[in-house]
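Colleague:
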Amino acid sequence: MKISRSVSIIFAGFLLCAGLLCHVGNADAAKKMPEFSLKTVAGDQVVDSTALRGKILLINFWATWCPPCRKEIPFLMELHKKYQRKEFSVIGISLDQGGKRLVQKFVDKLQINYPIVIGDAKIAKSFGGVVGIPVSFLVDREGNLVKRYDGYVSENILAKDIERLLD
């Protein structure tokens with residue numbers, strides 16, 4: 009029994025380290041935003057990465073059950089509203105397993121003002137891997153991933169980084 013538990017702990021540790029090594033390796037590589045085309049949870053729009061070129065974007069991976077994600081949403085809405093006229097947009101990619109209906113109900117309740125799409129492991133991997141959430145990526149007008157934010161990030165930090173790209 010003790011050996012089985014020890015093997016399980018070692019295996020879990022190995023998986024964690026492998027995931028972190030993969031994450032660290034990809035975090036430093038400058039790269040273009042991956043191409044994707046996903047329907048919004050409302051179903052009335054398609055968010056197409058190629059059509060977004062020329063805009064500054066904040067791509068935010070999140071989930072309805074994630075407390076830090078929920079804490080970020082009000083100021084992500086403010087940033088979207090504040091800089092929208094300057095060709096900036098927040099795009100929310102939900103990693104919820106509960107389906108579109110669950111996410112749409114949450115979006116409606118909070119009256120989220122930026123596009124929300126449902127993501128999966130494939131899109132998370134295309135961004136270099138998402139080990140935990142929230143994770144956000146700042147994208148410049150040329151489609152370059154210029155900054156990655158792992159975990160909760162303050163409105164002040166995001167606003168400063170966005171304003172640097174807008175200038």
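Position one of the sequence shown corresponds to residue 9 (our numbering), numbered consecutively onward.
By construction, the Cβ of each residue, glycine as well, lies at the ideal position given by its N, Cα and C atoms.
Quantities reported herein were computed from a predicted structural model and do not represent experimental measurements.
Flag I67 as yes when its Cβ comes closer than 7 Å to any non-hydrogen atom of the ligand NAP, and as no otherwise.
Modeller: Looking at this structure, you won't find the ligand NAP or any other ligand, since it has none at all.
Colleague: Would a C-beta distance cut-off of 8 Å place L173 and M41 closer than the cut-off?
Modeller: As a working mapping, residue 173 is identified with position 165 in the sequence shown. As a working mapping, residue 41 is identified with position 33 in the sequence shown. It is not a contact, given that the beta carbons lie outside the stated cut-off.
Colleague: For I170, tell me which candidate among Y91, K39, K108 has the shortest Cα-Cα distance.
Modeller: Position 162 of the sequence shown, counting from 1, holds the residue named residue 170. Looking at the Cα atoms, Y91 is the closest of the given residues.
Colleague: I'd like the list of long-range same chain contacts for E163, defined as Cβ closer than 8 Å, with 5 residues on each side in sequence excluded.
Modeller: For the purposes of this step, residue 163 is taken as the residue at position 155 of the sequence shown. Contacts found: F83, E86, L87.
Colleague: Grouping DSSP H, G and I as helix and E and B as strand, with all else coil, what is I126?
Modeller: As a position in the sequence shown, residue 126 is number 118, starting the count at 1. DSSP places I126 in strand when its eight states are reduced to three.
Colleague: DSSP beta-bridge partners for Y160?
Modeller: If you number the sequence shown from 1, residue 160 lands on position 152. DSSP lists no partner for Y160.
Colleague: Note down, one range per segment and in chain order, each alpha helix (DSSP H) of at least 4 residues found wholly within the segment 51-107.
Modeller: Here the runs fully enclosed are 75-91.
Colleague: Figure out for me which residue from D175, A50, K39, Y122 has the closest Cα to the Cα of K108.
Modeller: Residue 108 sits at position 100 when you count from the first residue of the sequence shown. Nearest C-alpha to K108: A50.
Colleague: Do A71 and S97 have their C-beta atoms within less than 8 Å of each other?
Modeller: Counting from 1 along the sequence shown, the entry for residue 71 is found at position 63. Counting from 1 along the sequence shown, the entry for residue 97 is found at position 89. No; because the gap between Cβ atoms is not below 8 Å, this pair is not in contact.
Colleague: Which term fits L118, buried or exposed, when burial requires 16 or more other beta carbons within 10 angstroms of its beta carbon?
Modeller: Start at 1 with the first residue of the sequence shown, and residue 118 comes out as number 110. L118 should be labelled exposed.
Colleague: Where does F44 fall in DSSP's three states?
Modeller: Reading the sequence shown from its first residue, position 36 is the one you call residue 44. The answer is coil: DSSP assigns F44 none of H, G, I, E or B.
Colleague: Grouping DSSP H, G and I as helix and E and B as strand, with all else coil, what is F135?
Modeller: In the sequence shown, the residue the question calls residue 135 occupies position 127. Looking at F135 - three-state DSSP - the assignment turns out to be coil, as it is neither helix nor strand.
Colleague: I'd like to check one pair, V55 with V161: are the Cβ atoms closer than 8 Å?
Modeller: Counting from 1 along the sequence shown, the entry for residue 161 is found at position 153. Counting from 1 along the sequence shown, the entry for residue 55 is found at position 47. Contact: no.
Colleague: I need the straight-line Cα distance from K39 to D148, nearest angstrom please.
Modeller: For this step, residue 39 is matched to residue 31 along the sequence shown. For this step, residue 148 is matched to residue 140 along the sequence shown. Straight-line Cα distance between these residues: approximately 11 Å.
Colleague: On the CB-based measure, 16 or more other CB atoms within 10 Å of its CB, does T48 come out buried or exposed?
Modeller: Sequence index remark: in the sequence shown, residue 48 carries index 40 (1-based). With 16 or more Cβ atoms within 10 Å of its Cβ, T48 is classed as buried.
Colleague: Determine which residues share a DSSP beta bridge with L146 and list them.
Modeller: Here residue 146 corresponds to residue number 138 of the sequence shown, with the count starting at 1. Partner(s): L66, K155.
Colleague: By DSSP's criteria, K39 is part of a beta bridge. Which residues make up the other side?
Modeller: By one-based count along the sequence shown, residue 39 stands at place 31. Bridge partners of K39: L153.
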